[in-house]
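Data block below; observations after.
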Amino acid sequence: MTQTAIRALFLLLVPLAGLAALWAQSETLSRQGTDWEVPIQGYDPRDLLRGHYVEFNYDWPTPSDEREDEEGFGVFVQHQNLCLIGDAPTIVEAIPFEDATDPEFERCKHKLSVQPGSVYGYDSLNRGRLYVGQERALELEEGLRDREQIGIVTFRQRDDGVLTPLDIRFRPLTDEGQEERDALRSEEAVIVDAADAAIEAANEEADAPETDPSEEE
Amino acid sequence: MSARKIEIWHAAGLIDADTRAALLTYEEENSRPLALWAVFGIGALAIGLGLVSVVAANWEDVPGQVRLAIHLALLGGALGAVFFKERQLVAASPWLLEALVAIAATLGLTFFGHLGQVYQTGSPLWMPLSVWLGLFGPALLLTGRSWLTAGIVMGGAIYTAMEYVTSNEALLYAVDDPTLPTAWFATVVGAPVLFAPIAAFFRTRSTRPDFWRRLEQLALTYAVFGASSAAAAASVDVFSNEETSVIGPVGLSVLAGIGVVAGGLVALVRPTLSGRMAGAIIAGAGVTMLLARSVSGVELAAALLFMLLWIGIGAAALKVGWRGVFQLAVAAIAVRLIILSFELASDLLLSGFGLILSGFLILGIAWGAYRVSQQFAPGSDEEGDEA
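If you read the sequences in order, they're chains Z and R.
This note's numbering puts the first sequence at residues -7 to 209.
This note's numbering puts the second sequence at residues 5 to 391.
Quick look at the structure:
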């Protein structure tokens, strides 16, 4: 090869064709798959906006015994694999599987699996992010804070189990959802009241010994 | 130099009228209208920033594909200019080409982030970094002129290696026999040092010796920095608890091997005095890596190892005549001596008398180092041949 050919190869062809190929690959991959919708919650209400993306938690419609322990308290599950059941875009149920080689999971038509190599690693079925412009991000942040509505993420599920968020929209809470939220709020209120009472009691106890000696004198 | 000064010298009888005239003509021909350039620069900067803001403000309304196309077109323009106009650009100013290559490399790197933003994808940092290094490394090596591109190559290689190892290190604890993966990770960490022999080879055979000299210097610096860190870490006993990791016995042996091989190759392909000494320093850094493990936890031995490395560097600098390197070596040894005195007698600091004593010790070492530098430092820095 001549000097010019080598230079053309490494100065023009390799960098430009390489990046163009990566672009084409991203484009093709982004077109594959089925679009679904899933409700989300803001990941951290104080810090939703991180640079140019919005971060959130997925609220998968998993079977109720997977979401609560025996006493009815919510439990945190780090999902490894999910089988989506329903007609796209509506997920009727998302069934978690520990093991991707589970024959039942392998038979599943619409699979999602954690991507250990992605930004969220083994948490990538619990958390996600959507890159948006600054204005849109502020809008979404506001929307996610509003307790009268819930955020719905549209995502694309590829056959190899990869999940790619596409968009976020908002839906007003249904009556059922409102009840659930109010119940949650009253639960929170009970807990806060109990905590306040405990603090008060502790303060009184702490005050007590101080007053005692003076009374003795 | 201003014309006013020349007039004063003439008036004082220091220079005659001919010299004055010659000086004034020379100054006029070679003066750079700095103020004018500054105004042009500020104007260009304002326009550039304005363009960036206009684009940024309307970013959201531009479809992703169009944005990516613009990004790729800008990159193509920069690379095209480098490819088709290299000779003219260098003739105008070597820095123009250097800056253009650096801009192209940066545009290439940011393209990965841009792709991730448009397609909502993400991957661990080492992946885009290593693909970028593969796509743009050859272009940088083919066109680099100075320390800027040399720094991008070396910095990119080191950053990629570190990212790769830190994000995959967990693998070592998941396999039954971590020997092979450890050796592999250590090879990745040590690989940037191999730029030294490559650069040494091209340094005497290329039309861009400055670039290759800088690259060799950076690779040598990386090796010496690694060895110094290892020797410093040994004094706080970092290594005895490390079995399955890159700084375990296997990893350190591999790193030492890379240092020795790279150093030997540098001496082989550049058999001048400076080449042989640079090779010896890199090989010495490799040996230090290995020894650091065996002195781990023994404060005195660890300090001696550190000083031995730098005494070697100082001796090499003295032989070749690298003034800056020699002074750096003396300073490194002096600082290590001071730290050693505190390590060995940390309770000195607890009494007033001890404090006074340590003050005198520090002053003594500093004065000694200064005297050594003054007395023995090579006369002038041979800029063209510095390690």
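All residues carry an ideal CB built from backbone N, CA and C; glycine is no exception.
### Task
Would you mind telling me which residues of chain R sit closer than 9 angstroms to Z/T156, beta carbon to beta carbon, in chain order?
Those within 9 angstroms of Z/T156 in chain R are Y123, Q124 and T125.
### Message
Classify Z/D82: buried if its beta carbon has 16 or more other beta carbons within 10 angstroms, exposed otherwise.
### Response
The question names Asp, but residue 82 of chain Z is Thr in the sequence shown. Under the 10 Å beta carbon count, Z/T82 is surrounded by fewer than 16 other beta carbons and is classified as exposed.
### Task
Quick one: grab the DSSP three-state call for R/A381.
In the displayed model, R/A381 falls within coil according to three-state DSSP, outside both helix and strand.
### Message
I need the straight-line Cα distance from Z/G66 to Z/L76, nearest angstrom please.
### Response
Approximately 21 angstroms between the Cα atoms of the pair.
### Task
Could you tell me whether any Cβ in chain Z is nearer than 9 angstroms to the Cβ of R/G160?
Among the residues facing chain Z, R/G160 is not included, as its CB has no counterpart in that chain under 9 angstroms away.
### Query
Quick one: any contact between the region 111 to 124 of chain Z and the region 150 to 157 of chain Z, if contact means 3 or more CB pairs under 8 angstroms?
Yes, since at least three Cβ pairs between the region 111 to 124 of chain Z and the region 150 to 157 of chain Z fall closer than 8 angstroms, the two stretches touch.
#### Entry: Option nearest R/L198 by Cα separation, candidates R/A373, R/Y226, R/I315 and R/L152
Looking only at R/A373, R/Y226, R/I315 and R/L152, the smallest Cα-Cα distance to R/L198 is reached by R/Y226.
### Message
Looking at chain R, is there any beta carbon in it that lies within less than 9 angstroms of the beta carbon of Z/V111?
### Response
It does: the Cβ of Z/V111 has a partner Cβ on chain R nearer than 9 angstroms.
### Query
For Z/E85, which beta-bridge partners are listed by DSSP?
For Z/E85, the pairing in a beta bridge is given by DSSP as Z/I77.
### Query
CB of Z/P81 to nearest heavy atom of the ligand MG: below 8 angstroms?
Among the components of this structure there are no ligands whatsoever, and the ligand MG is therefore not found.
### Query
How is the beta strand (DSSP E) around Z/A28 delimited, first residue to last?
Per the sequence shown, the amino acid found at residue 28 of chain Z is Trp instead of Ala. Z/W28 -> beta strand (DSSP E) spans T26 to G34.
### Local conformation of Z/E119 per DSSP, three classes
Reading off the sequence shown, one finds Arg at residue 119 of chain Z, where the question assumed Glu. If DSSP states are grouped into helix, strand and coil, Z/R119 belongs with the strands.
### Query
Among the residues of its own chain, which have a CB less than 7 angstroms from the CB of R/T292, if the five just before and after it don't count?
Leaving aside the five residues that flank R/T292 on each side, the residues in its chain whose CB is nearer than 7 angstroms to its CB run, in chain order, A231, A234, A235, L309 and L313.
### Task
Decide if the region 20 to 33 of chain Z is in contact with the region 137 to 148 of chain Z; the criterion is three or more beta carbon pairs, one per stretch, under 8 angstroms apart.
Segments in contact, yes.
### Query
So, is Z/E47 buried or exposed, given that buried needs 16 or more other C-beta atoms within 10 angstroms?
So Z/E47 ends up on the buried side.
### Message
Can you find the residues in the same chain that come closer than 8 angstroms, C-beta to C-beta, to R/D241, ignoring five residues on each side of it along the sequence?
### Response
For R/D241, same chain residues with a beta-carbon under 8 angstroms away, outside a window of 5 residues either side, are S300 and G301 in chain order.
### Query
Closer than 9 angstroms, CB to CB, is R/L83 near chain Z or not?
Answer yes: the Cβ-Cβ gap between R/L83 and chain Z drops below 9 angstroms somewhere.
#### Entry: Proximity below 9 angstroms, CB of R/L119 to CB of R/E167
Annotated as distal: R/L119 and R/E167, with beta-carbon spacing of 9 angstroms or more.
### Message
On the DSSP bridge list, what partners appear for Z/R211?
### Response
Only positions -7 to 209 of chain Z appear in the structure, and residue 211 of chain Z is not among them; the question remains open.
### Test: Z/V106 CB closer than 9 angstroms to a CB of chain R
Judged by the 9 angstroms Cβ criterion, Z/V106 is not in contact with chain R.
### Message
Taking beta-carbon pairs under 9 angstroms, can you tell me which members of the region 142 to 173 of chain R lie near chain Z?
### Response
The residues in question are P142, A143, L145, L146, T147 and S171.
### Query
Would a check of beta-carbon distances place Z/I10 closer than 9 angstroms to chain R?
The question names Ile, but residue 10 of chain Z in the sequence shown is Gly. It does; some Cβ of chain R falls within 9 angstroms.
### Task
Could you please give the first and the last residue of the uninterrupted alpha helix (DSSP H) stretch that includes R/N172?
Judged by DSSP secondary structure, R/N172 falls within the alpha helix (DSSP H) whose first and last residues are W151 to N172.
### Query
Can at least three beta-carbon pairs, one atom from the region 190 to 205 of chain R and one from the region 244 to 264 of chain R, be found at a separation below 8 angstroms?
Yes, since at least three Cβ pairs between the region 190 to 205 of chain R and the region 244 to 264 of chain R fall closer than 8 angstroms, the two stretches touch.
### Query
Got a sec? Which residues, its chain only, sit under 8 angstroms from R/L83 by beta carbon, not counting five neighbours each side?
A108 and A143.
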